[in-house]
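Asker: Quick mapping for you: the protein sequence lines, in order, are chains A and V.
Quick note: the first sequence uses full-length UniProt numbering, first residue 1, plus one each step.
Quick note: the second sequence uses full-length UniProt numbering, first residue 1, plus one each step.
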Amino acid sequence: MTSANANSHGTSKTVADHLEYVTVTVQGQMLGLPIDRVHDVFVAADITTVPLASSEIVGLLNLRGRVVTAVSLRRRLGIPDLVVADRRMAVGLEHRGESYGLLVDEVGEVLKLEIDGLQPNPVHLDARWAGLSRGVHQLQDRLLIILDVDAVLAFETQKQAA
Amino acid sequence: MDDLLREFLTETSEHLDTVDVELVRFEQDPNNETILRNIFRLVHTIKGTCGFLGLPRLEALAHAAETLMGKFRDGMPVTTDAVSLILATLDRIKDILAELERNGVEPDGLDNDLIDSLEQMASQEVPLEAPVAPAAEPEVGTLSYQVLERALLPGEVSLDELERAFREAPGPEARAPKMTPDPRSKPPAETDKKPAASAESGEGSDTPISKVQTIRVNVDTLEHLMTMVSELVLTRNQLLEISRRFDDTGYKVPLQRLSHVTAELQEGVMRTRMQPIGNAWQKLPRVVRDLSAELSKKIELVMQGAETELDRQVLEVIKDPLTHMVRNSADHGIELPRDRKATGKPERGTIRLNAYHEGGTITIEIADDGRGLNYAAIRRKAVERGVASEAEVERMSEAQVAKFIFHPGFSTANAITSVSGRGVGMDVVKTNIELIGGTVDIRSEQGRGTTFTIKIPLTLAIVAALIVSSKDQRFAIPQVAVLELVRVAPGSEHTIERINGTPVLRLRERLLPIVPLSKVLGVDGDEVADEGFVVVTQVGRQRFGILVDGVFHTEEIVVKPMSSKLRHIQLFSGNTILGDGAVVLIIDPNGLARMVGSGSEDSQFQNDENPEQASVDDEEATTLLVFRGGGESLKAVPLSLVTRLEEIAADTIEWLGGRPLVQYRGRLMPLVASDEAMEIKREGLQALVVFSDGDLSMGLAVEEIVDIVEDKLEIELVAERSDLVGSAVVRGRATEVVNVAHYLPLVHEAWMRSAANRADAAAKSILLVDDSAFFRDMLTPVLKASGYKVHAAARAEEALQTLGAGTHVDVLVTAIDLPDRSGFELVEALRGSTRFAALPVIALAVRHDSRQIAQAHKLRVTELVAKFDRHGLLSALSELHGSLEEAA
Numbered sequence: 001m002t003s004a005n006a007n008s009h010g011t012s013k014t015v016a017d018h019l020e021y022v023t024v025t026v027q028g029q030m031l032g033l034p035i036d037r038v039h040d041v042f043v044a045a046d047i048t049t050v051p052l053a054s055s056e057i058v059g060l061l062n063l064r065g066r067v068v069t070a071v072s073l074r075r076r077l078g079i080p081d082l083v084v085a086d087r088r089m090a091v092g093l094e095h096r097g098e099s100y101g102l103l104v105d106e107v108g109e110v111l112k113l114e115i116d117g118l119q120p121n122p123v124h125l126d127a128r129w130a131g132l133s134r135g136v137h138q139l140q141d142r143l144l145i146i147l148d149v150d151a152v153l154a155f156e157t158q159k160q161a162a
Numbered sequence: 001m002d003d004l005l006r007e008f009l010t011e012t013s014e015h016l017d018t019v020d021v022e023l024v025r026f027e028q029d030p031n032n033e034t035i036l037r038n039i040f041r042l043v044h045t046i047k048g049t050c051g052f053l054g055l056p057r058l059e060a061l062a063h064a065a066e067t068l069m070g071k072f073r074d075g076m077p078v079t080t081d082a083v084s085l086i087l088a089t090l091d092r093i094k095d096i097l098a099e100l101e102r103n104g105v106e107p108d109g110l111d112n113d114l115i116d117s118l119e120q121m122a123s124q125e126v127p128l129e130a131p132v133a134p135a136a137e138p139e140v141g142t143l144s145y146q147v148l149e150r151a152l153l154p155g156e157v158s159l160d161e162l163e164r165a166f167r168e169a170p171g172p173e174a175r176a177p178k179m180t181p182d183p184r185s186k187p188p189a190e191t192d193k194k195p196a197a198s199a200e201s202g203e204g205s206d207t208p209i210s211k212v213q214t215i216r217v218n219v220d221t222l223e224h225l226m227t228m229v230s231e232l233v234l235t236r237n238q239l240l241e242i243s244r245r246f247d248d249t250g251y252k253v254p255l256q257r258l259s260h261v262t263a264e265l266q267e268g269v270m271r272t273r274m275q276p277i278g279n280a281w282q283k284l285p286r287v288v289r290d291l292s293a294e295l296s297k298k299i300e301l302v303m304q305g306a307e308t309e310l311d312r313q314v315l316e317v318i319k320d321p322l323t324h325m326v327r328n329s330a331d332h333g334i335e336l337p338r339d340r341k342a343t344g345k346p347e348r349g350t351i352r353l354n355a356y357h358e359g360g361t362i363t364i365e366i367a368d369d370g371r372g373l374n375y376a377a378i379r380r381k382a383v384e385r386g387v388a389s390e391a392e393v394e395r396m397s398e399a400q401v402a403k404f405i406f407h408p409g410f411s412t413a414n415a416i417t418s419v420s421g422r423g424v425g426m427d428v429v430k431t432n433i434e435l436i437g438g439t440v441d442i443r444s445e446q447g448r449g450t451t452f453t454i455k456i457p458l459t460l461a462i463v464a465a466l467i468v469s470s471k472d473q474r475f476a477i478p479q480v481a482v483l484e485l486v487r488v489a490p491g492s493e494h495t496i497e498r499i500n501g502t503p504v505l506r507l508r509e510r511l512l513p514i515v516p517l518s519k520v521l522g523v524d525g526d527e528v529a530d531e532g533f534v535v536v537t538q539v540g541r542q543r544f545g546i547l548v549d550g551v552f553h554t555e556e557i558v559v560k561p562m563s564s565k566l567r568h569i570q571l572f573s574g575n576t577i578l579g580d581g582a583v584v585l586i587i588d589p590n591g592l593a594r595m596v597g598s599g600s601e602d603s604q605f606q607n608d609e610n611p612e613q614a615s616v617d618d619e620e621a622t623t624l625l626v627f628r629g630g631g632e633s634l635k636a637v638p639l640s641l642v643t644r645l646e647e648i649a650a651d652t653i654e655w656l657g658g659r660p661l662v663q664y665r666g667r668l669m670p671l672v673a674s675d676e677a678m679e680i681k682r683e684g685l686q687a688l689v690v691f692s693d694g695d696l697s698m699g700l701a702v703e704e705i706v707d708i709v710e711d712k713l714e715i716e717l718v719a720e721r722s723d724l725v726g727s728a729v730v731r732g733r734a735t736e737v738v739n740v741a742h743y744l745p746l747v748h749e750a751w752m753r754s755a756a757n758r759a760d761a762a763a764k765s766i767l768l769v770d771d772s773a774f775f776r777d778m779l780t781p782v783l784k785a786s787g788y789k790v791h792a793a794a795r796a797e798e799a800l801q802t803l804g805a806g807t808h809v810d811v812l813v814t815a816i817d818l819p820d821r822s823g824f825e826l827v828e829a830l831r832g833s834t835r836f837a838a839l840p841v842i843a844l845a846v847r848h849d850s851r852q853i854a855q856a857h858k859l860r861v862t863e864l865v866a867k868f869d870r871h872g873l874l875s876a877l878s879e880l881h882g883s884l885e886e887a888a
């Protein structure tokens, strides 16, 4: 239907056919973030909790002199918090000009995947997950869910403080 | 656009703003040659430059205006019309300039209409018999704000006509308008008036009022500089924090130096952002002049403190609210001349603007001597709008009622004028001001006028904040909002008490509502500790205490905006990174007050009225403590007199010579029954109402506390009994109002005894000498929180007086730079006397200077501390404290 599709059937594969993803793990599930959206990966230490904030927000942290809002991917996906989180990894993202740190269990390697390999979400995928996912890549031994960064960082905050 | 042209544009718009102001002055004072000469010179300059740059349209306009002004100089009478015409010409010039700025070329078009009028006015002795412009009714041009005060002279074109021509003009290919037979009012080609006006107002803001030697710097450059300095301050704070932890003296000195330099740099950069508030006022004389013409009122605008400086960012934000408020005062406040005359006031109303610095804030007052707020109308309107019920409105004080005008869509003006009365504005004004951490306050007296007081922080970028902790988390509270710090602990001098579970603190005879921070934050269980510090905070006229667990220090913090995901939490105004790298949230006292006060707005908070004002005003509702004494009748006493409520076990009451006494906070407190018919209990629990005067307390034994109610206190029947003031109807029930003064002689003897018992507190007392009120205000709470008694003096002379008067002082903390004589001279004077020869002294230095160190050494100054290093001061004090203890 599009030229990109037509291209991929050709013999010469260009860079445009591939996308790179930073992989992260949450509760054993592997998820991918488009590499062009990831600014850095860092250890989230000394997080200042923000009372009255919505539950997805873990707090604020100082990343080289900038104040970054830490968002828990677990809570965004509706997974309960880890009981012991000694070294919390975070992926630095930008969304509408503001800096965020997405807290994950682990950060894995960077994968280069064919655009064509991206398949739509299974229809019975949990609505909460489906809303944050752009699709699924089938890797050899596991599945990789591609996250929609903007959707992950677009959540309701307007619940009025008591 | 070439540089020359740009230079010309900035300069000319400055000139024009000045001319605007000067012309209005000149109109009021037509005989003032200096003003005229000044205006003439400015217009002449504009004309000259235009000619030089090849701008024929502008040159022609300026020339015509200059000619007319030349006539003034030659003695032609100055009329309102003439001034209006010149002002209109100036507006046209501004429009053309705006166009010029956008496109780089002078727009096409003709200004014959204005030029002809100007010329005609100038040659008025020989009126032309040209067709007279139709004397259009003022209502025709709704966009126009000009009302003619007399019929048009031959050759004049009404502004309405002009305005219409503007709007109906088809475009650049200037067709002759069909509806105007007057050949002279050819429509000017450029029509776009609104953008021009806004561009011009944006530009006017950056113009200094007086001519000093200056260079123009791009605002972005300054902003960038400011950001960098902010970062530098942060880094400096981090370094200081590290140096505090490691006791390495090797780099302490250079670090101290760095600290000074940074502080000075910060101050310098801040100063570059400062602008006189007069810049925001520049347009007001013109606004008021036009308004008074339109509303047929006589209004004088008095401006004081125009040179008061504040941050340009703040200036931008308050500019429009200020203009709006002045318009409001002119429209709603000032009455028509005949009405004023009828009430015995001078025909000319006055709107007074006053700006001055006060601590870290700037205060702006907008006062008019008009009719004042119509409280009845506001009450009615509030009920109509469903903002409050009729019963609520009746109970509210005038101050509370006045606040309704800040509600959206609230206007009591009967008629909607073009000026105001559309019900938009005051809420926006309030929002804008609160946005930058400011407050608005209203004081109004029927028939006497209304005063709005705006308090805003000097700058938004860096503020002094008190770092506090609650449940192991740190928060910053802007120092501006902090009045004092009180340490509270059960059994100590200050204790948190509860009225029906709501915590209060008695502070100098008044009950202060207490808001435990942990509770507002929602991090709290059910139990609230009663130990910690109360940060006494004032928001508008509400005063309340924030209970925190710990107080650390004050720190200059760089305010960073909240993430958009967190902005809905009104408790926080932003966040910052502290010296140790931690992110802390900045508490917004306004937001806190709103959160706690929501529901019943103010009633939970004590309104900090002037006592004399409250007593004069009978309408004022009083909060009463209602209790049962002996018998069935209810008794009441104003809650403001009550220090605290107690319930004690009756077996702890001791009887000494028939007098009941109770051990109360380490002292004996006499008890007295509230009614002769009542007996003090011998067993069970006895309820007490405690009154205090200074350190002395008295317990009034009552049968039962009934309620706390707010009601109008109208004493209806003066009782013959001296223990009662009289009786009043409180909440529909007859209630006896107790005369506290009656009980005092009853326990007089006991008063004396308890006074003798008083042991002096062990607190060391400090005499703090500094000429900056801001600095004193900032340091005093910090010192008090650390357990010192603080006396303050602004000058060396005052300090000597305090010491000479026999005030006990353990340590002298003095700034080196004082207005009358230097801190060193003060110390020298003290060293000369035998009494103070050994008084420990801590000197506060602004600059690092080896000469000062040597001199300090010579004068046996205990310690030389950097002025803004509060840690340093506190540690120096505590070291000193230790050695004093040892010596004692």
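Ideal Cβ positions, reconstructed from N, Cα and C, are used throughout, including at glycine.
What does A:Leu61 touch in chain V if you count any residue whose Cβ is under 7 Å from its own?
Answerer: Val583
Asker: Quick check: what's the CA-CA separation for V:Ile499 versus V:Leu645?
Answerer: 8 Å
Asker: Taking the straight line between their C-alpha atoms, what separation do you get for V:Ile46 and V:Leu5?
Answerer: 12 Å
Asker: Please state if the CB of V:Ala367 and the CB of V:Ile277 are separated by a distance shorter than 7 Å.
Answerer: no
Asker: Tell me the rounded alpha-carbon separation between V:Ala796 and V:Gly823.
Answerer: 7 Å
Asker: What three-state label does DSSP hand V:Ser329 in the structure shown?
Answerer: helix
Asker: So V:Glu231 contacts chain A; which residues on that side make the cut at Cβ distance below 8 Å?
Answerer: Gly65
Asker: How big is the Cα-Cα spacing for A:Asp17 and A:Asp116?
Answerer: 8 Å
Asker: Check whether the stretch 496-513 of chain V and the stretch 574-587 of chain V touch, using three or more Cβ-Cβ pairs below 8 Å as the test.
Answerer: no
Asker: Could you pull out every residue in the same chain whose Cβ sits closer than 6 Å to the Cβ of A:Val26, ignoring the five residues on either side in sequence?
Answerer: Leu73, Arg74, Val104, Asp105
Asker: Quick test of your reading: V:Ile351 and V:Val326, contact by CB under 8 Å. State the CB separation rounded to the nearest angstrom.
Answerer: Confirmed, Cβ separation roughly 6 Å.
Asker: Give me the chain V residues within the contact set of A:Glu98, using Cβ-Cβ distance strictly less than 7 Å, ordered along the chain.
Answerer: Near A:Glu98 (Cβ distances below 7 Å), the residues of chain V are Ser563, Ser564.
Asker: Classify A:Glu94 as buried or exposed, calling it buried when 16 or more other Cβ atoms lie within 10 Å of its own Cβ.
Answerer: exposed
Asker: Determine whether the Cβ of V:Gly51 lies closer than 7 Å to any Cβ atom of chain A.
Answerer: no
Asker: Exposed or buried, V:Ala342, counting other C-beta atoms within 10 Å across all chains shown (16 or more means buried)?
Answerer: exposed
Asker: If we define contact as Cβ-Cβ less than 7 Å, is A:Ala151 a contact residue for chain V?
Answerer: no
Asker: In chain A, which residues lie less than 9 Å from V:Asn575 when you measure between Cβ atoms?
Answerer: Within 9 Å Cβ-Cβ: Thr48, Val50, Leu60, Val67.
Asker: Compare the C-beta of A:Ala53 against all C-beta atoms of chain V and say whether one is closer than 7 Å.
Answerer: yes
Asker: Inspect the beta-carbon positions of V:Arg289 and V:Asp20 and report whether they are closer than 7 Å.
Answerer: no
Asker: Give me the residue from A:Leu33, A:Ala154, A:Ile35 with the minimum Cα distance to A:Gly98.
Answerer: Looking at the sequence itself, residue 98 of chain A is Glu, so the reference to Gly does not match. Ranking A:Leu33, A:Ala154, A:Ile35 by Cα distance to A:Glu98 puts A:Ala154 first.
Asker: Tell me whether the stretch 444-452 of chain V and the stretch 541-553 of chain V touch, counting them as touching only if at least three CB pairs, one residue from each stretch, are closer than 8 Å.
Answerer: no
Asker: I think A:Val67 touches V:Lys430, with their Cβ atoms under 8 Å apart; what is that distance to the nearest whole Å?
Answerer: Beta-carbon to beta-carbon, A:Val67 and V:Lys430 are separated by about 28 Å, too far to satisfy the 8 Å threshold.
Asker: Looking only at its chain, what residues have a beta carbon closer than 8 Å to the beta carbon of A:Asn62, apart from the 5 residues adjacent to it on each side?
Answerer: Asp46, Val68
Asker: According to DSSP, simplified to helix, strand and coil, what is V:Asp588?
Answerer: coil
Asker: Indicate the three-state DSSP secondary structure (helix, strand or coil) for V:Lys455 in the structure shown.
Answerer: Residue state, collapsed to three classes: strand.
Asker: Going by DSSP, which residues form a beta bridge with V:Lys560?
Answerer: V:Asn575
Asker: Can you list the alpha helix (DSSP H) stretches of 4 or more residues lying completely in the stretch 360-405 of chain V, in chain order?
Answerer: With a minimum length of 4 residues, the continuous alpha helix (DSSP H) runs that stay inside the stretch 360-405 of chain V are 375-384, 390-395, 398-402.
Asker: Taking CB distances under 7 Å as the criterion, tell me whether V:Ile467 reaches chain A.
Answerer: no
Asker: Taking DSSP as the reference, what is the three-state secondary structure of V:Asn237?
Answerer: helix
Asker: With DSSP collapsed to three states, give me the class of V:Lys789.
Answerer: strand
Asker: Have a look at V:Ser15 and V:Glu27 and give me their C-alpha separation to the nearest angstrom.
Answerer: First, the residue type needs correcting, since residue 15 of chain V is His and not Ser in the sequence shown. Distance between the alpha carbons of V:His15 and V:Glu27 is about 18 Å.
Asker: In whole angstroms, what separates the C-alpha of V:Thr214 from that of V:Thr272?
Answerer: 11 Å
Asker: How close, in whole Å, do the beta carbons of V:Gln538 and V:Ala481 come, if the pair is a contact with beta carbons under 8 Å?
Answerer: 6 Å
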